[in-house]
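Heads up: the structure comes next, in C-alpha cells.
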Amino acid sequence: MAGDFHVRFWGVRGSIPCPGQDTLLYGGNTSCVEVRTGERLLILDAGSGLQHLGLHLKGSIDADLLLSHLHYDHILGLPFFAPAYDANSRLRIWAGNCSGGIESALQQYLQAPFFPVPLHQMAASIRFKDFSPGDTLSPSASVRVLTCNLNHPGGATAYRIEYAGRALCYVTDTEHPAEGQDEAIVRLIRDADTVIYDATYNNSDYPAHRGWGHSTWEAGLALCEAADARRLVVFHHAPERTDAELQKLDTELQTRRPGSLVAREGLVLQL
138 MAGDFHVRFW
148 GVRGSIPCPG
158 QDTLLYGGNT
168 SCVEVRTGER
178 LLILDAGSGL
188 QHLGLHLKGS
198 IDADLLLSHL
208 HYDHILGLPF
218 FAPAYDANSR
228 LRIWAGNCSG
238 GIESALQQYL
248 QAPFFPVPLH
258 QMAASIRFKD
268 FSPGDTLSPS
278 ASVRVLTCNL
288 NHPGGATAYR
298 IEYAGRALCY
308 VTDTEHPAEG
318 QDEAIVRLIR
328 DADTVIYDAT
338 YNNSDYPAHR
348 GWGHSTWEAG
358 LALCEAADAR
368 RLVVFHHAPE
378 RTDAELQKLD
388 TELQTRRPGS
398 LVAREGLVLQ
408 L
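Everything in the sequence shown is counted per the numbering used here, starting at 138 for the first residue and increasing by one.
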C-alpha cells in the first residue's frame with residue numbers, strides 16, 4: 138500500500154541466539170528487522186531472525202538487505218534465508234566498513250570449513266553494494282537512507298530510512314562516549330519518528346563491559362531527548378537479559394518517555 142511505513146522485529150538479541158524459558162516473551166534470535174515502505178521490502182541485518190522472516194515471506198522476493206556490520210550475530214541467518222536460493226529473487230546487500238568489499242567478506246564466511254554451501258550457490262540475483270558510512274543511499278526513488286559510522290570494534294553503520302515524510306533510525310552496535318554524546322548519532326536521529334537503539338547494557342552493568350562496543354538504554358533516552366526523536370525502541374538485548382528484566386524495563390521506559398518500548402520478536406510498529 139502506497140504510503141504504508143511499518144517495521145516488524147524478527148530478531149532482537151545481540152551476540153548469540155539464546156533460546157530458553159527465560160526468553161520466550163521477548164525472543165532469543167539475533168538482529169533482524171523487516172521494514173516496509175509502501176510495496177518495497179528492506180531488511181535490517183541478517184541475524185538468526187532472518188531465517189524466520191524467510192519462512193514467512195514464502196517464494197521469491199525483491200529486497201534490500203542493509204547490514205550494520207559483519208560480526209557473526211548479524212549475518213548468521215543469511216545462509217538459512219530461503220528466498221536467497223530462489224532463482225526468481227532479487228537481493229541487494231548493502232554494507233559499509235568492509236575493506237575488500239562485502240562480496241569477498243561473505244565468500245570467506247560461506248565456504249569450507251565454516252559452511253558447506255558457498256555463496257555462489259545461492260540462486261537469487263544478488264548485487265553487492267559497498268559504501269562508506271556517511272554516504273546517502275537510494276534504494277528506490279521514494280526511499281532515502283542516510284548513514285553514519287558507529288563506535289564498535291571493526292566499525293559499524295547506523296541507518297536513517299526516510300519515506301513519505303517519516304523517518305526510522307537503526308542504531309546498533311555502538312558505544313556511547315565517556316562524556317557527552319556522539320554528535321553524529323544526534324544529527325542522524327534528529328526529529329526521527331522511531332529510533333531502534335543498542336541497549337545491550339544498563340548503567341549498572343555497563344562499567345564491566347566498557348570498550349566492548351555497546352551502549353545502554355539510558356544513553357538511548359538521552360540521545361532521543363537531545364535530538365527530539367519521538368519513540369525509542371530498546372534493542373540488541375544481552376543474551377542473559379531475562380523476560381522479567383525486560384518487562385520491568387518496558388514499564389520504566391513508558392514512565393520516562395511515554396510511547397517508548399522494548400523490542401520483542403513479532404512486534405509490529407507503524408510509523
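Glycine included, every Cβ here is placed at the ideal spot set by N, Cα and C.
DSSP bridge partner residues for residue i (one or two, in chain order)
{"i": "residue 407", "result": "143"}
{"i": "residue 287", "result": "293"}
{"i": "residue 303", "result": "300"}
{"i": "residue 331", "result": "305 and 368"}
{"i": "residue 148", "result": "169"}
{"i": "residue 174", "result": "142 and 177"}
{"i": "residue 230", "result": "202 and 265"}
{"i": "residue 338", "result": "353"}
Secondary structure of residue i, DSSP reduced to three states
{"i": "residue 266", "result": "strand"}
{"i": "residue 207", "result": "coil"}
{"i": "residue 216", "result": "helix"}
{"i": "residue 361", "result": "helix"}
{"i": "residue 351", "result": "coil"}
{"i": "residue 198", "result": "coil"}
{"i": "residue 246", "result": "helix"}
{"i": "residue 277", "result": "strand"}
{"i": "residue 398", "result": "strand"}
{"i": "residue 374", "result": "strand"}
{"i": "residue 282", "result": "strand"}
{"i": "residue 326", "result": "helix"}
{"i": "residue 186", "result": "helix"}
{"i": "residue 239", "result": "helix"}
Cα-Cα separation between residue i and residue j, rounded to whole angstroms
{"i": "residue 407", "j": "residue 250", "result": "42 Å"}
{"i": "residue 281", "j": "residue 188", "result": "26 Å"}
{"i": "residue 277", "j": "residue 345", "result": "43 Å"}
{"i": "residue 167", "j": "residue 183", "result": "8 Å"}
{"i": "residue 263", "j": "residue 257", "result": "10 Å"}
{"i": "residue 213", "j": "residue 404", "result": "21 Å"}
{"i": "residue 226", "j": "residue 340", "result": "44 Å"}
{"i": "residue 231", "j": "residue 294", "result": "10 Å"}
{"i": "residue 147", "j": "residue 348", "result": "28 Å"}
{"i": "residue 299", "j": "residue 328", "result": "11 Å"}
{"i": "residue 255", "j": "residue 165", "result": "27 Å"}
{"i": "residue 145", "j": "residue 338", "result": "23 Å"}
{"i": "residue 396", "j": "residue 243", "result": "38 Å"}
{"i": "residue 180", "j": "residue 204", "result": "8 Å"}
{"i": "residue 195", "j": "residue 217", "result": "13 Å"}
{"i": "residue 366", "j": "residue 354", "result": "14 Å"}
{"i": "residue 133", "j": "residue 252", "result": "The shown model of the chain, from 138 to 408, leaves out residue 133, and the question about it has no answer."}
{"i": "residue 302", "j": "residue 279", "result": "10 Å"}
{"i": "residue 267", "j": "residue 240", "result": "9 Å"}
{"i": "residue 391", "j": "residue 384", "result": "11 Å"}
{"i": "residue 307", "j": "residue 296", "result": "5 Å"}
{"i": "residue 185", "j": "residue 389", "result": "28 Å"}
8 Å contact criterion, which residue i and residue j should meet: CB distance rounded
{"i": "residue 173", "j": "residue 141", "result": "6 Å"}
{"i": "residue 272", "j": "residue 304", "result": "Actually they are not in contact, since the Cβ atoms of residue 272 and residue 304 sit about 17 Å apart, beyond 8 Å."}
{"i": "residue 265", "j": "residue 292", "result": "That belief does not hold up - the Cβ atoms of residue 265 and residue 292 are roughly 18 Å apart, past 8 Å."}
{"i": "residue 197", "j": "residue 220", "result": "6 Å"}
{"i": "residue 163", "j": "residue 401", "result": "4 Å"}
{"i": "residue 233", "j": "residue 269", "result": "6 Å"}
C-beta neighbour in chain C for residue i, strict 8 Å
{"i": "residue 255", "result": "The structure shown contains no chain C; it holds only a single protein chain."}
Test item: CB-CB of residue i and residue j under 8 Å
{"i": "residue 210", "j": "residue 153", "result": "yes"}
{"i": "residue 369", "j": "residue 334", "result": "yes"}
{"i": "residue 150", "j": "residue 289", "result": "no"}
{"i": "residue 171", "j": "residue 190", "result": "yes"}
{"i": "residue 323", "j": "residue 381", "result": "no"}
{"i": "residue 228", "j": "residue 285", "result": "no"}
{"i": "residue 310", "j": "residue 206", "result": "yes"}
{"i": "residue 386", "j": "residue 371", "result": "yes"}
{"i": "residue 312", "j": "residue 357", "result": "no"}
{"i": "residue 376", "j": "residue 155", "result": "yes"}
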